[in-house]
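Asks: Encoded as structure tokens, here's the structure I'll be asking about.
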Amino acid sequence: MKAILAVLAAAAVANAHFTMQYIWNNGVDEGHNTYIRVPPNNNPVTDVSSTDLTCNVNGLSGSSVGTATIPAGATITFEWHQHDQRTGEDPISGGHKGPVQVYIAKAPSTAASFNGQGAVWTKIYSSGLVNPSSQQWATDVVNSNSGKHSVKIPASLPAGEYLLRAEIIALHVASSYPGAQFYIGCAQVKISGGGSANPPKISIPGTYKGSDPGITVNIYNNLQSYTAPGGAVWSAQIYYSDCPENFTVGTLHKPKAEDERTRHLVQLVTGLDNEPQAMVGSGTWFRAARPAYAQVCPPSSIRRRSRFISLYGTCREGPNT
């Protein structure tokens, strides 16, 4: 009898599907299914070789979908629900445990005509097994936040039109392949401002394999670690810069407070999210992604600016050295 009840409970959990239904642009709700390539139903994708893995079923075109304009460095929030409305129930069934990831891909022309095929996707966010002791997953965090999770768009990405791909992988029946359930939502955005970064890219489909330990896994074995598919989050990203318009952006470098050459130019502090920040001159702040990439403006003083340029050169992009 207990076995039958367990099977029925598993079936009920497995059918509690969901979709991405809202995006928020810097805290502003853009509306239900606005700027999103909406699938025909809330069923998951289970075949990692299918083009449905890109932007869900019927998601290779967004010709009937609008494109949101967002500033470089914007915070985009994705909101998921089981039904076509916000209700009091869990946005995601509590039994759907797994990682939450976000990718971005630059369209060669318009986001609406972009099918997202080939090595075009860069991972900008990933959260998996948040707390091994309590077996808390990223999906639990999304549920506790009313179906929402957020990502800051790297400000160093070039201006242009993009697809933003949010992904939740439910692993409750993933002990064999196919079993993992991929819930995918793609939004069309146009980034204004931005930089000139050229981040690493992967193919979706193409990179994920059914044998990946993050795809075929038994989450009921008291896991103490988990590696999500798709590789690492792109870390060489600058979230934003506030350089005054009359300044030339300085070199990318790794400031060292103990370095006598830079002591009077750069002060390292720990800011929000424990991300390193740097202050140059008299109060201009720059926030950088771990492991301490900092985009630096030359100081306002002509004398100090000349010294800065003599030490670091003019604007360029690259890793910390």
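Mapped onto mature numbering (1 follows the signal peptide of the UniProt record, and there is no 0), the consecutive letters of the sequence shown carry residue numbers -16 to -1, 1 to 305. Don't be surprised by glycine CBs; every beta carbon is placed ideally from N, CA and C. Model, not experiment: these values are computed from the prediction.
#1: Do the stretch 178 to 191 and the stretch 138 to 150 touch if we need at least three Cβ pairs shorter than 8 angstroms?
#2: Assuming contact is defined by CB atoms lying nearer than 8 angstroms, are A154 and H80 in contact in what I supplied?
#3: For the pair the stretch 11 to 31 and the stretch 166 to 175, tell me if three or more CB-CB distances fall below 8 angstroms.
#4: Is the stretch 187 to 201 in contact with the stretch 99 to 108, if contact means three or more CB pairs nearer than 8 angstroms?
#5: Less than 8 angstroms between the C-beta atoms of F2 and N17, yes or no?
#6: In whole angstroms, what separates the C-alpha of G43 from that of C170?
#7: Exposed or buried, N9, counting other C-beta atoms within 10 Å across all chains shown (16 or more means buried)?
#8: What is the DSSP secondary structure of T35, reduced to helix, strand or coil?
#9: I'd like to know whether the C-beta atoms of V217 and L148 end up nearer to each other than 8 angstroms.
#10: Going along the chain, which residues of its own chain have a beta-carbon closer than 8 angstroms to the beta-carbon of G144, five neighbours each way excluded?
#11: Distance, Cα to Cα, R21 vs S48?
#12: Does DSSP put T3 in a helix, in a strand, or in coil?
#13: Here's the rule I'm using: 16 or more other beta-carbon atoms within 10 Å means buried, otherwise exposed. How should E73 be labelled?
#14: Can you tell which of H156, K107 and I108 has its C-alpha closest to the C-alpha of Q119?
#15: To the nearest angstrom, how far is the alpha carbon of K41 from that of P23?
#16: I'd like the list of long-range same chain contacts for A96, defined as Cβ closer than 7 angstroms, with 5 residues on each side in sequence excluded.
#17: Measure how close the beta-carbons of K132 and G57 come, nearest whole angstrom, since I'm counting them as under 8 angstroms.
#18: Looking at D13: is its Cβ nearer than 8 angstroms to the Cβ of Y19?
#19: M4: buried (16+ other C-beta within 10 angstroms of its C-beta) or exposed?
#20: How long is the line joining the alpha carbons of E63 and A212, rounded to whole angstroms?
#21: Report the CB separation of I60 from N127 in whole angstroms; it is logged as a contact under 8 angstroms.
#22: When the distance is taken between beta carbons, is Q208 closer than 8 angstroms to P116?
#23: From A(-1) to R70, what distance separates their C-alpha atoms?
#24: What first and last residue would you give for the alpha helix (DSSP H) that runs through V125?
#25: If we count the other Cβ atoms within 10 Å of its Cβ and call it buried at 16 or more, is S195 buried or exposed?
#26: Looking at the secondary structure, which residues open and close the beta strand (DSSP E) in which residue 345 lies?
#27: If you draw a straight line from the C-alpha of T35 to the C-alpha of A150, how long is it?
#28: Quick one: Cα of V201 to Cα of T38, how far?
#29: Using C-beta distances below 6 angstroms, list every residue in its chain close to I199, excluding the 5 sequence neighbours before and after it, in chain order.
#30: Do you know whose CA, among W121, V125 and T106, lies nearest Y204's CA?
#31: Just the C-alpha distance for Y210 and A158, rounded to the nearest angstrom, thanks.
#32: Since W8 sits in a beta bridge, which residues does DSSP pair it with?
#33: Is it buried or exposed, T123, if we count other Cβ atoms within 10 angstroms and call 16 or more buried?
Replies: If we stick to the structure as given:
#1: Touching, yes.
#2: Position 170 of the sequence shown, counted from the start, is the residue given in the question as residue 154. Position 96 of the sequence shown, counted from the start, is the residue given in the question as residue 80. Going by C-beta atoms, A154 is nearer than 8 angstroms to H80.
#3: Contact between the stretch 11 to 31 and the stretch 166 to 175 is present: three or more C-beta pairs spanning the two stretches fall below 8 angstroms.
#4: Yes: at least three Cβ pairs fall under 8 angstroms.
#5: Residue numbering aside, residue 2 sits at position 18 when the sequence shown is read from its first letter. Residue numbering aside, residue 17 sits at position 33 when the sequence shown is read from its first letter. Contact: no.
#6: Walking along the sequence shown from the start, residue 43 turns up at place 59. Walking along the sequence shown from the start, residue 170 turns up at place 186. Linking G43 to C170 through their CA atoms gives a straight-line distance of about 8 angstroms.
#7: Your numbering for residue 9 matches position 25 in the sequence shown. N9 comes out buried.
#8: Numbered from its first residue, the sequence shown carries residue 35 at position 51. In the structure shown, the three-state DSSP call for T35 is coil.
#9: Taking the first residue of the sequence shown as 1, we reach residue 217 at position 233. Taking the first residue of the sequence shown as 1, we reach residue 148 at position 164. Contact annotation: V217 and L148 have beta-carbon atoms that are not nearer than 8 angstroms.
#10: For this step, residue 144 is matched to residue 160 along the sequence shown. K90, A91, K174, I175 and G178, listed in sequence order.
#11: Numbered from its first residue, the sequence shown carries residue 21 at position 37. Numbered from its first residue, the sequence shown carries residue 48 at position 64. Looking at the two C-alpha atoms, the distance is approximately 9 angstroms.
#12: Walking along the sequence shown from the start, residue 3 turns up at place 19. When secondary structure is reduced to three states using DSSP, T3 falls in the strand class.
#13: Counting from 1 along the sequence shown, the entry for residue 73 is found at position 89. E73 sits exposed, since fewer than 16 C-beta atoms from the chains shown fall within 10 Å of its C-beta.
#14: Stepping through the sequence shown from its first residue, residue 119 is reached at position 135. Of H156, K107 and I108, the smallest CA-CA separation from Q119 is found for H156.
#15: By one-based count along the sequence shown, residue 41 stands at place 57. By one-based count along the sequence shown, residue 23 stands at place 39. Before going further, note that residue 41 is Val rather than Lys in the sequence given. For V41 and P23, the distance between alpha carbons rounds to 5 angstroms.
#16: Indexing the sequence shown from 1 puts residue 96 at position 112. Take A96, set aside five residues on each side of it, and the residues of its chain with a beta-carbon closer than 7 angstroms to its own are G46, S47, V49, T51 and Q172, in chain order.
#17: As a first step, residue 132 is located in the sequence shown; it is residue number 148 there, counting from the start. As a first step, residue 57 is located in the sequence shown; it is residue number 73 there, counting from the start. The pair is not a contact, with the Cβ atoms about 19 angstroms apart (cut-off 8 angstroms).
#18: In the sequence shown, residue 13 corresponds to position 29, counting from 1. In the sequence shown, residue 19 corresponds to position 35, counting from 1. Result no, Cβ atoms of D13 and Y19 do not sit closer than 8 angstroms.
#19: The residue given as residue 4 occupies position 20 in the sequence shown. Taking a 10 Å sphere around the C-beta of M4, we find 16 or more other C-beta atoms and assign the residue as buried.
#20: Looking up residue 63 in the sequence shown gives position 79. Looking up residue 212 in the sequence shown gives position 228. Going by the C-alpha atoms only, they are around 21 angstroms apart.
#21: If you number the sequence shown from 1, residue 60 lands on position 76. If you number the sequence shown from 1, residue 127 lands on position 143. Rounded, the Cβ-Cβ distance is 19 angstroms, inconsistent with contact.
#22: The count along the sequence shown starts at 1 and reaches residue 116 at position 132. The count along the sequence shown starts at 1 and reaches residue 208 at position 224. Closer than 8 angstroms, so yes.
#23: Position 16 of the sequence shown, counting from 1, holds the residue named residue -1. Position 86 of the sequence shown, counting from 1, holds the residue named residue 70. Whole-angstrom Cα-Cα distance: 15 angstroms.
#24: The count along the sequence shown starts at 1 and reaches residue 125 at position 141. For V125, the enclosing alpha helix (DSSP H) stretches over residues A122 to S128.
#25: Locating residue 195 in the sequence shown gives position 211, counting from the first residue. S195 is exposed by the Cβ-count criterion.
#26: For the chain, the structure presents residues -16 to 305; residue 345 sits outside this window and is missing.
#27: To locate residue 35, count along the sequence shown from 1; it is residue 51. To locate residue 150, count along the sequence shown from 1; it is residue 166. Rounded to the nearest angstrom, the gap between the Cα atoms of T35 and A150 is 15 angstroms.
#28: Counted from its first residue, the sequence shown places residue 201 at position 217. Counted from its first residue, the sequence shown places residue 38 at position 54. When only Cα atoms are considered, V201 and T38 end up about 22 angstroms apart.
#29: The count along the sequence shown starts at 1 and reaches residue 199 at position 215. Taken in chain order, the residues that qualify are A164 and P213.
#30: As a first step, residue 204 is located in the sequence shown; it is residue number 220 there, counting from the start. Ranking the options by Cα distance to Y204, first place goes to W121.
#31: Counting from 1 along the sequence shown, the entry for residue 210 is found at position 226. Counting from 1 along the sequence shown, the entry for residue 158 is found at position 174. Y210 and A158 have their C-alpha atoms spaced approximately 13 angstroms apart.
#32: The residue labelled residue 8 in the question sits at position 24 within the sequence shown. Beta-bridge pairing links W8 to D13 and T61.
#33: Sequence index remark: in the sequence shown, residue 123 carries index 139 (1-based). Counting the other Cβ atoms within 10 Å of the Cβ of T123 gives 16 or more, which makes it buried.
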